[in-house]
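Novice: Residues 1 to 393 (our numbering) make up the sequence shown, in order.
No residue lacks a Cβ here, since even glycine has one placed at the ideal position from N, Cα and C.
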Amino acid sequence: MPDRKCSENEQNDCVMPVVRSANPIRARSLIRDNLEKQAGCLNLIHSRMPNIKVFSGTSHPDLAQRIVDRLGIDLGKVVTKKFSNLETCVEIGESVRGEDVYIVQSGSGEINDNLMELLIMINACKIASASRVTAVIPCFPYARQDKKDKLAGGEESAESKKLAKKNYDWKFRANAQSRAPISAKLVANMLSVAGADHIITMDLHASQIQGFFDIPVDNLYAEPAVLKWIKENIPEWKNSIIVSPDAGGAKRVTSIADRLNVEFALIHKERKKANEVASMVLVGDVKDKIAILVDDMADTCGTIVHAADRLVEAGATKVYAILTHGIFSGPAISRINNACFEAVVVTNTIPQDGHMRDCPKIQCIDVSMMFAEAVRRTHNGESVSYLFSNVPY
């Protein structure tokens with residue numbers, strides 16, 4: 001139907017008149033004609049206002065574009081800018097009244113700015129009378145701060161301990177209750193208060209973060225895409241062993257190992273302080289096998305590089321690393337370039353173009369189709385659980 005406005009006569013016709021007729025058959029005919037005219041006017045309105053809108057923040061516009069391309073719709077118009085004092089300003093460029101709105105913003109790059117931008121976009125759509133606002137957050141920010149640390153202020157260096165001894169007894173400090181924040185819970189509260197009705201994310205660092213929300217959270221898994229990549233790109237995958245670089249990822253690697261029908265191993269690590277590993281103990285036999293390290297994220301890559309060295313020492317023939325969120329901050333790229341990896345495989349929950357230019361070992365799995373299918377199923381009121389074990393084609 002062409003996109004046009006109802007004429008004045010058509011608008012008048014859309015108002016149900018009082019039908020007065022001595023002939024009851026004639027009266028019913030008039031009522032039916034007027035109902036059909038009303039339906040025609042409603043169709044004109046709906047043709048001008050589709051009931052789904054997808055907007056992109058500035059953190060990952062490429063992923064957002066891939067999602068809307070998959071859905072067969074256009075990306076919503078939004079302008080994001082900063083004032084001279086670096087305050088974020090967002091202007092939604094089209095009507096969202098009564099719409100089902102999806103905002104794609106990943107926890108990458110300038111995380112604090114991107115998080116604030118997401119909150120403002122959610123609030124802008126909510127107060128513009130959007131029917132439902134869903135935040136699509138491929139990499140959830142602050143997910144690693146999901147619990148209190150053992151020591152106040154987190155793990156501390158020897159220098160800070162010496163300094164603390166000058167002020168008060170270190171033993172009291174070590175036994176004191178932690179005063180570290182649970183920032184993941186704070187982010188959950190902020191998203192809810194901003195007006196989000198639903199969250200879609202992937203491979204949360206800790207699954208219990210879903211419990212921090214009082215709104216629905218769909219935590220998608222990269223596992224189906226990882227299994228597909230392994231089978232298509234590692235010819236000798238049947239002689240592989242799936243390895244977790246820490247005990248916390250044991251459940252993740254056992255699930256992948258079971259579906260591939262191969263063995264698994266794990267590495268127990270101890271840290272001296274944040275982002276610095278003290279020692280590693282390998283539990284499992286990797287001799288003469290292809291070792292595939294699997295983890296949810298890699299930041300400075302100290303852990304996976306140490307793990308790769310440990311696996312080679314134990315007799316692994318090749319070492320691959322497969323990570324959902326490739327943050328790659330600080331010395332990460334140089335460490336990977338100098339490490340013994342055949343390939344370091346990441347998903348595009350975080351932009352990877354720059355990392356792939358700087359490091360030829362990095363390869364990327366596109367997961368946009370999983371987010372697009374999650375959006376489509378959510379919008380249509382269908383189950384999302386199919387995506388937990390399958391890659392949509």
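Can you name the start and end residues of the alpha helix (DSSP H) that E373 belongs to?
Specialist: Taking the sequence shown and counting its residues from 1, the one referred to as residue 373 is at position 373. For E373, the enclosing alpha helix (DSSP H) stretches over residues 368-379.
Novice: Classify T303 as helix, strand or coil using the three-state DSSP reduction.
Specialist: Along the sequence shown, read from residue 1 onward, the residue named residue 303 stands at position 303. In the structure shown, T303 sits in a helix (DSSP, three-state: H, G or I).
Novice: Beta-carbon within less than 7 Å of E8's beta-carbon, same chain only, minus the 5 sequence neighbours each way: which residues are those?
Specialist: As a position in the sequence shown, residue 8 is number 8, starting the count at 1. Low confidence applies to E8: its pLDDT is 47, below 50, so where it sits in the model is not reliable, and the reading given next is rough at best. For E8, where only same-chain residues beyond five positions count, there are no Cβ hits under 7 Å.
Novice: Could you please give me the residues that DSSP links to E91 through a beta bridge?
Specialist: For the purposes of this step, residue 91 is identified with residue 91 of the sequence shown, where counting begins at 1. DSSP lists V79 as the beta-bridge partner residues of E91.
Novice: To the nearest angstrom, how far is the alpha carbon of W170 from that of R179?
Specialist: Translated into positions along the sequence shown, residue 170 becomes position 170. Translated into positions along the sequence shown, residue 179 becomes position 179. For W170, the predicted model reports a pLDDT of 44, less than 50, meaning its position is unreliable; a value from the coordinates is still stated below. The straight-line gap separating the alpha-carbon atoms of W170 and R179 is approximately 15 Å.
Novice: Suppose contacts are defined by Cβ-Cβ distances below 8 Å. Is M356 in contact with L323 by that definition?
Specialist: Sequence index remark: in the sequence shown, residue 356 carries index 356 (1-based). Sequence index remark: in the sequence shown, residue 323 carries index 323 (1-based). Result no, Cβ atoms of M356 and L323 do not sit closer than 8 Å.
Novice: Enumerate in chain order the residues of its own chain whose CB-to-CB distance from F388 is below 7 Å, with the five nearest sequence positions on each side excluded.
Specialist: Your numbering for residue 388 matches position 388 in the sequence shown. Correct list, in chain order: Y221.
Novice: Would you please state the rounded distance, in angstroms, between the beta carbons of V79 and F55? I believe it to be under 8 Å.
Specialist: In the sequence shown, residue 79 corresponds to position 79, counting from 1. In the sequence shown, residue 55 corresponds to position 55, counting from 1. No, V79 and F55 are not in contact; Cβ-Cβ is about 11 Å, not under 8 Å.
Novice: Specify, as a first and last residue, the run of the beta strand (DSSP E) that K53 falls within.
Specialist: For the purposes of this step, residue 53 is identified with residue 53 of the sequence shown, where counting begins at 1. K53 -> beta strand (DSSP E) spans 52-56.
Novice: Just reading off the alpha helix (DSSP H) that S84 is part of, what are its end residues?
Specialist: The residue you call residue 84 lines up with position 84 of the sequence shown. Unbroken run through S84: none, as it is neither H nor E.
Novice: Along the chain, where does the beta strand (DSSP E) containing R132 start, and where does it finish?
Specialist: Residue 132 sits at position 132 when you count from the first residue of the sequence shown. Unbroken beta strand (DSSP E) run through R132: 132-137.
Novice: Looking at the structure shown, is S108 part of a helix, part of a strand, or coil, going by DSSP?
Specialist: Translated into the one-based positions of the sequence shown, residue 108 becomes position 108. Residue state, collapsed to three classes: coil.
Novice: Near V391, what residues of its chain come up, given a Cβ to Cβ distance below 8 Å and the 5 sequence neighbours on each side ignored?
Specialist: Taking the first residue of the sequence shown as 1, we reach residue 391 at position 391. Result list for V391: P224, A225, K228, M369, M370, in chain order.
Novice: For A184, collect the residues of the same chain with a Cβ closer than 7 Å to its Cβ; drop the 5 residues on either side in sequence, then sort them by chain order.
Specialist: To locate residue 184, count along the sequence shown from 1; it is residue 184. Cβ within range, chain order: Y142, A143, Q145, D146, I209, F212.
Novice: On the DSSP letters alone, give me the boundaries of the alpha helix (DSSP H) that N233 sits inside.
Specialist: For this step, residue 233 is matched to residue 233 along the sequence shown. Here the alpha helix (DSSP H) through N233 covers 223-233.
Novice: Which partner residues does Q145 have in the DSSP bridge list?
Specialist: Against the sequence shown, residue 145 aligns to sequence position 145. None, per the DSSP bridge assignment.
Novice: For the segment 332-367, which segments carrying the alpha helix (DSSP H) assignment without a break, of at least 4 residues, lie completely within its bounds, in sequence order?
Specialist: Within the segment 332-367, the complete alpha helix (DSSP H) segments of 4 residues or longer fall at 332-338, 353-358, listed in chain order.
Novice: Can you name, in chain order, every residue of its own chain whose Cβ lies under 7 Å from the Cβ of F172, other than the five neighbours on each side?
Specialist: Indexing the sequence shown from 1 puts residue 172 at position 172. Summary for F172: the model assigns pLDDT 47, below 50, so the residue's position carries little reliability, and this model does not support an answer.
Novice: Keeping to the same chain, check which residues put their C-beta closer than 7 Å to that of D74; ignore five residues upstream and five downstream.
Specialist: Taking the sequence shown and counting its residues from 1, one reaches residue 74 at position 74. So the list reads V68, once near-sequence residues are dropped.
Novice: Should Y393 be labelled buried (16 or more other beta-carbon atoms within 10 Å of its own) or exposed?
Specialist: Here residue 393 is taken as the residue at index 393 of the sequence shown, counted from 1. Exposed: under 16 other Cβ atoms inside 10 Å.
Novice: So I199 packs on I137, CB below 8 Å; how close in whole Å?
Specialist: The sequence position of residue 199 within the sequence shown is 199, counting from 1. The sequence position of residue 137 within the sequence shown is 137, counting from 1. About 6 Å separates the two Cβ atoms, so the contact holds.
Novice: If A308 sits next to C340, beta carbons under 8 Å apart, how far is it from one beta carbon to the other, in whole angstroms?
Specialist: For this step, residue 308 is matched to residue 308 along the sequence shown. For this step, residue 340 is matched to residue 340 along the sequence shown. About 5 Å; that satisfies the 8 Å criterion.
Novice: Suppose you measure from the CA of E110 to the CA of S59; what does that come to, to the nearest Å?
Specialist: Start at 1 with the first residue of the sequence shown, and residue 110 comes out as number 110. Start at 1 with the first residue of the sequence shown, and residue 59 comes out as number 59. So the two alpha carbons sit approximately 8 Å from each other.
Novice: Under the three-state reduction of DSSP, which class applies to Y388: helix, strand or coil?
Specialist: Start at 1 with the first residue of the sequence shown, and residue 388 comes out as number 388. Before going further, note that residue 388 is Phe rather than Tyr in the sequence given. Helix, per DSSP.
Novice: Whole angstroms are fine: how far does the CA of V305 sit from the CA of R252?
Specialist: Locating residue 252 in the sequence shown gives position 252, counting from the first residue. Locating residue 305 in the sequence shown gives position 305, counting from the first residue. If you take the alpha carbons of R252 and V305, they lie about 19 Å apart.
Novice: Please work out which residues of its chain come closer than 8 Å, Cβ to Cβ, to I122, disregarding the five sequence neighbours upstream and downstream, and give them in chain order.
Specialist: Here the question's residue 122 lines up with position 122 in the sequence shown. Excluding residues within five positions, the ones whose Cβ falls inside 8 Å are I103, V133, A135, L191, A194, G195, A196.
Novice: For the beta strand (DSSP E) containing A298, list its first residue and its last residue.
Specialist: Position 298 of the sequence shown, counting from 1, holds the residue named residue 298. In the DSSP assignment, A298 falls within the beta strand (DSSP E) that extends over 290-298.
Novice: For the candidate residues V384, N338, E382, V375, whose alpha-carbon lies nearest to that of I362?
Specialist: In the sequence shown, residue 362 corresponds to position 362, counting from 1. For the residues V384, N338, E382, V375, the minimum Cα distance to I362 belongs to N338.
Novice: When you compare each of D203, V283, V90 to L266 by their alpha carbons, which one comes out closest?
Specialist: Within the sequence shown, the letter at position 266 stands for residue 266. Comparing Cα-Cα distances from L266 to each of D203, V283, V90, the minimum goes to V283.
Novice: Is N219 helix, strand or coil when you go by DSSP?
Specialist: Counted from its first residue, the sequence shown places residue 219 at position 219. If DSSP states are grouped into helix, strand and coil, N219 belongs with the strands.
Novice: Could you check the C-alpha separation between V384 and G57 for me, to the nearest Å?
Specialist: Within the sequence shown, the letter at position 384 stands for residue 384. Within the sequence shown, the letter at position 57 stands for residue 57. Cα-Cα distance, rounded: 24 Å.
Novice: For R377, collect the residues of the same chain with a Cβ closer than 6 Å to its Cβ; drop the 5 residues on either side in sequence, then sort them by chain order.
Specialist: Translated into the one-based positions of the sequence shown, residue 377 becomes position 377. Answer for R377: V384, listed in chain order.
Novice: Short of 8 Å in beta carbon distance, which residues of its chain neighbour N380, apart from the five on each side in sequence? Order them along the chain.
Specialist: Within the sequence shown, numbered from 1, the residue matching residue 380 stands at position 380. There are no such residues.
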